[in-house]
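Data first, discussion second: the structure below is written as structure tokens.
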Amino acid sequence: MFSLQSPNPHQQRLLYIICFCLVKTVSGNYCEFGICEEDQYCCGDNRCCKITVPVWYFWAGVLLIVIAVFVAICLYIGRNKSNNGYKRVLSEEQEAI
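Per mature numbering (1 follows the signal peptide of the UniProt record, and there is no 0): the sequence shown = residues -28 to -1, 1 to 69.
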């Protein structure tokens, strides 16, 4: 059967570490019902803050624009390098083919 004896120091430390990892701190703010508008959230005791778009949306958009510009520059440089900077002019004989 099981006996209820006090755990040894190593078991106590392990138990403290497990409890520390599993316990989360919870906090809450009190706002009276209906005090905040639809585009606001409760950010303090009876205090409403405006909902903003997360900053990562902005930086994701900037990153996409930078990537698009980089790809466009690479394509432009690649096309000019293949012709050594010269435009090819076809003669009338080559145009007939």
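Ideal Cβ positions, reconstructed from N, Cα and C, are used throughout, including at glycine. Keep in mind the model is a prediction, meaning the values are calculated, not measured.
- Taking C-alpha positions only, L(-7) is separated from L(-15) by approximately 12 Å.
- G16 sits in a strand when the DSSP states are folded into three classes.
- Rounded to whole angstroms, L36 and F42 show a C-alpha spacing of 10 Å.
- When the Cα atoms are used, C3 and E9 turn out to be separated by approximately 11 Å.
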